[in-house]
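For reference, the structure discussed in these notes is given below.
Listed below in structure tokens is the structure:
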């Protein structure tokens, strides 16, 4: 079977991978042993189905792989889908995993006398400039976004900005760096992401897999 004929599933590295694997297995898909080997540097893996492969990439890259057809289907955080807003991606199913939220945070001392409703201009460090700009634009607030890919919590303490917009799960990292949440932009979970062209050209195959994921999600939640 040629590489073009194989169905490629893109999965994110990290915490979400652990949460999604029970759903993947419930769909009858078992990756090769190397997938579970922490020492393996491989990024593409065979499965128990000759026509199905799994690639393991950074969460932000899952959407890009699916949008440009390198993978036909993937698991992607809602934050990534909102940030990139690829028209090539169809996201039919909330998997109910990876719950977190996108929040505005600032130093604890600043928050004591701060009133977010009175903001007219903010300088914000974030890896979500599109989400951030749209959110503040709806509020009539001019947002100057400083793009960072990590270590967001350092930005206010280092004088880069006064506030950050970041993905928050427990809030422990914010607290450890003297920051507090002052606004919640949206709640986030992981979704199934499908390439729209592949959905048309390989309709039966992909719709069957979507349905298997749907059944797996329902079984977990019931």
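In my numbering, the protein residues as written are 6 to 227. By construction, the Cβ of each residue, glycine as well, lies at the ideal position given by its N, Cα and C atoms.
**Message:** Please classify residue 144 as buried or exposed, where buried requires at least 16 other C-beta atoms within 10 Å of its C-beta.
**Reply:** exposed
**Item:** Beta-carbon spacing of residue 78, residue 54 below 8 Å
**Value:** In this structure, residue 54 does not lie closer than 8 Å to residue 78 by Cβ.
**Prompt:** Taking Cβ to Cβ, would you say residue 65 is nearer than 8 Å to residue 15?
**Reply:** no
**Request:** Specify the secondary structure class of residue 79 as computed by DSSP and reduced to three states.
**Result:** strand
**Whether residue 104 touches residue 194 by CB criterion (8 Å)** = yes
**Item:** Collapsed DSSP secondary structure at residue 53 in the structure displayed
**Value:** coil
**Message:** Just to confirm, is the Cβ distance from residue 60 to residue 25 under 8 Å?
**Reply:** It is not a contact, given that the beta carbons lie outside the stated cut-off.
**Prompt:** Should residue 82 be labelled buried (16 or more other beta-carbon atoms within 10 Å of its own) or exposed?
**Reply:** Result: buried.
**Prompt:** What is the rounded straight-line gap between the Cα of residue 139 and the Cα of residue 147?
**Reply:** Straight-line spacing of the CA atoms in residue 139 and residue 147 works out to 10 Å.
**Asked** Counting Cβ pairs closer than 8 Å, one from the segment 150-164 and one from the segment 83-91, do we hit at least three?
**Response** no
**Message:** Rounded to the nearest angstrom, what separates residue 218 and residue 45 at their Cα positions?
**Reply:** Cα-Cα distance, rounded: 27 Å.
**Spatial distance of residue 198 from residue 118 (CA atoms)** = 42 Å
**Request:** Taking residue 62 and residue 48 to be in contact with their CB atoms under 8 Å, please state how far apart those CB atoms are, rounded to whole angstroms.
**Result:** 7 Å
**Residue range of the beta strand (DSSP E) that includes residue 63** = Note, residue 63: premise wrong, no beta strand (DSSP E); not H, not E.
**Request:** Please state whether DSSP places residue 121 in a helix, a strand or coil.
**Result:** Helix at residue 121.
**Message:** Just to confirm the assignment: which complete alpha helix (DSSP H) runs, minimum length 4, are found wholly within the segment 159-227?
**Reply:** 159-162, 177-181, 201-206, 208-226
**Request:** For residue 209, count neighbouring Cβ atoms within 10 angstroms of its own Cβ and tell me buried if that reaches 16, exposed if not.
**Result:** exposed
**Request:** Over the uninterrupted alpha helix (DSSP H) stretch that includes residue 136, give me the two end residues.
**Result:** 134-143
**Item:** Per DSSP, the bridge partner or partners of residue 152
**Value:** 131
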